[in-house]
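Heads up: the structure comes next, in C-alpha cells.
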Amino acid sequence: MAHLSLSLSLIFRIYAFLLLINVSLSKTLKRDFKALNEIKGLVGWRIVYTWVGDDPCGDGHLPPWSGVTCSTSGNYRVVTKLEVFSMSIVGTFPTAITSLLDLTVLDLHNNKLTGPIPPEIGRLKRLKTLNLRWNKLQHVLPPEIGGLKSLTFLYLSFNNFKGEIPKELANLHELQHLHFQENHFTGRIPADLGTLQKLRHLDAGSNHLVGSIRDLIRIEGCFPALRNLFLNNNYFTGELPNKLANLTNLEILYLSYNKMTGEIPSALANIPKLTYLHLDHNLFSGKIPEAFYKHPNLKDMYIEGNAFKTDARAIGSYKVLKLSDTDLLI
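Going by full-length UniProt numbering, the residue at position 63 of the sequence shown is 63; the numbering climbs one at a time, nothing skipped.
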C-alpha cells in the first residue's frame with residue numbers, strides 16, 4: 001500500500017509538472033494578441049513600460065502584461081480581465097477591446113478616455129464588471145449594453161454622457177449595481193429597470209433627469225432587492241407615493257435637491273431597514289409623521305430647505321453623502 005501511495009503521488013506530481021509546462025508554453029490566442037497590441041499602440045506611452053514582452057499573457061520568462069489576466073482555453077490562453085486604471089490613459093475608447101470576447105472584467109476607471117462607448121461593446125457576452133467611471137466619455141449610451149446578459153456591476157459615473165438612459169438595460173437580469181451619477185442624462189429613468197430582481201444599488205444622482213417617484217415604481221413588485229436609491233440633484237417632481245413603502249429592503253433614500261412636493265406619507269416609516277432619508281432642498285410641506293422619530297433604524301433624516309411646519313426636526317447630523325459612501329456600497 002505504501003508503494004502504491006508513493007507511485008500515485010509521483011504520477012500526480014509529473015502530471016502537475018506537465019500541466020505547468022503546457023500552460024507556460026501556451027500562446028495567447030491570436031485574436032487577443034492582435035487586440036492588445038492595437039490597444040497598446042493607441043493609448044499612449046504610459047502603459048508601454050508596463051506591457052513588456054511579446055506575449056500579453058506571459059511567455060514563461062516574462063510575466064503577463066500589467067493589468068492583463070489570462071486563462072487557458074485548449075492550446076491557447078485567452079484574456080479574461082483587463083484592469084488598466086488610474087494611468088492617465090488618453091484618447092477615445094479603444095474599439096479593439098471589444099475583440100476580447102472572453103473578458104469577464106473590464107476596468108478602465110480614472111483615466112482620460114473620451115468619445116462614445118462603441119456599440120460593439122455588446123460583443124462582450126461574458127462581461128460581469130464594466131467600470132468606466134472617472135473618465136471623460138461622451139455621447140449617448142449604446143443600447144447594445146443591454147445585451148451583456150452576465151453583467152453584475154455597471155459603473156459609468158463621473159463622465160459626460162448625455163441623452164436618455166437606454167430601456168435595454170432592463171435586460172440585464174444579473175445586475176446588482178448601476179451607477180450613473182455625475183453625468184448629463186436627461187429624460188426619465190425607464191420604469192422597466194424595476195423588473196431587475198437582483199438590483200441592490202441604483203445611483204442616478206446629479207444629472208438632468210425628470211419625472212416622479214410614482215412613475216419610477218409603477219410596475220407591481222418593482223425593485224425587490226433594492227437597498228440604496230440615489231436620485232439627488234435632478235428635476236424630479238410630484239409627491240412621494242405610499243407605494244414607495246413596498247421597497248422593504250431600502251436602507252438609503254437620497255432625494256435631496258429636487259422639486260418634489262406634498263406631505264411625507266407615514267407609510268414610509270414602515271420600511272423596516274430604512275437608515276438614511278434625505279429629503280432636504282425640495283418643496284415638501286406639512287408635518288413629519290411621528291412614526292419616523294420612533295423608527296428603530298433611522299439614523300439620519302435631513303429636511304432642510306423645505307416648507308415643513310416649524311415643529312419638524314431633523315434626525316442626526318447633516319452631511320452630504322459622497323463617493324466614498326455611495327459609489328462602492330455592496
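Ideal Cβ placement from N, Cα and C applies to all residues, glycine included.
#1: Buried or exposed: which applies to T72, given that a residue is buried once 16 or more other Cβ atoms fall within 10 Å of its Cβ?
#2: Within the same chain, show all residues whose beta-carbon is closer than 6 Å to that of L277, passing over the 5 residues directly before and after it, in chain order.
#3: If residue 331 and H173 are in contact, beta carbons under 8 Å, what's the gap, nearest whole angstrom?
#4: Evaluate contact between the segment 63-71 and the segment 88-95, counting only Cβ atoms and requiring at least three cross-stretch pairs below 8 Å.
#5: Helix, strand or coil for F292? Go by DSSP, reduced to three states.
#6: Please report how far the alpha carbon of L137 lies from the alpha carbon of N160, in whole angstroms.
#7: Where does H177 land, buried or exposed, given buried means 16+ other C-beta within 10 angstroms?
#8: Please report the residue range of the alpha helix (DSSP H) in which G41 lies.
#9: According to the neighbour-count rule (16 or more other Cβ atoms, all chains shown, within 10 Å of its Cβ), is D311 buried or exposed?
#10: Assign A307 to one of three DSSP states: helix, strand, or coil.
#11: Tell me whether L241 is buried or exposed, calling it buried when 16 or more other Cβ atoms sit within 10 Å of its Cβ.
#12: Quick one: is G316 buried, meaning 16 or more other Cβ sit within 10 Å of its Cβ, or exposed?
#13: Identify, in the order they occur along the chain, each residue of the same chain with its Cβ nearer than 8 Å to the Cβ of V210, setting aside the five sequence neighbours on each side.
#14: Taking the continuous alpha helix (DSSP H) assigned at L154, which residues delimit it?
#15: Please report the straight-line C-alpha distance between E290 and P296, rounded to a whole angstrom.
#16: To the nearest angstrom, how far is the alpha carbon of N270 from that of A245?
#17: Looking only at C-alpha atoms, which of F158, G115, K128 sits nearest to K149?
#18: Starting from the C-beta of S212, find all residues in its chain whose C-beta is less than 7 Å away, skip the five residues before and the five after it, and write them out in chain order.
#19: Check the DSSP bridge columns for S256 and list the partner residues they point to.
#20: With distances taken between CB atoms, is the gap from D192 to A170 smaller than 7 Å?
#21: Taking 7 Å as the cut-off, decide whether the C-beta atoms of N228 and H201 are in contact.
#22: Might you give, ordered along the chain, the residues of its own chain that have their beta carbon closer than 6 Å to the beta carbon of E304, omitting 5 neighbours on each side?
#23: Looking at T69 and D102, is the spacing between their C-beta atoms short of 7 Å?
#24: Kindly indicate the opening and closing residues of the beta strand (DSSP E) around D107.
#25: Have a look at the DSSP bridge pairing and note the partners of G163.
#26: Please find out if some non-hydrogen atom of the ligand MG comes closer than 6 Å to the beta-carbon of L298.
#27: Contact check, I97 vs L106 under 8 Å by CB: the rounded distance?
#28: Would G262 pass as a contact of C222 if the rule is Cβ separation under 7 Å?
#29: How is residue 368 classed by DSSP in three states: helix, strand or coil?
#30: Determine, using beta carbons only, whether E144 and G122 come nearer to each other than 7 Å.
#31: Beta carbon of F284, beta carbon of N258: below 7 Å?
#32: Does the beta-carbon of V52 have 16 or more other beta-carbons within 10 angstroms, so that it is buried, or is it exposed?
According to the structure data:
#1: exposed
#2: L253, M301
#3: The structure shown has nothing for residue 331, since the chain only spans 1 to 330.
#4: no
#5: helix
#6: 6 Å
#7: buried
#8: 30-42
#9: exposed
#10: strand
#11: Reading the sequence as shown, one finds Pro at residue 241 and not Leu. Buried, by the Cβ-count rule.
#12: exposed
#13: T186, G187, R188, N234, Y235, F236, T237
#14: Taken as a continuous stretch (DSSP letters only), L154 belongs to no alpha helix (DSSP H), being part of the beta strand (DSSP E) at 153-155.
#15: 13 Å
#16: 6 Å
#17: K128
#18: F236, T237, G238
#19: According to DSSP, S256 bridges with nothing at all.
#20: yes
#21: yes
#22: D280
#23: no
#24: 105-107
#25: F185
#26: This structure lacks the ligand MG; in fact it carries no ligand of any kind.
#27: 7 Å
#28: no
#29: Residue 368 lies beyond the stretch modelled for the chain, which goes from 1 to 330, so this question has no answer here.
#30: yes
#31: no
#32: exposed
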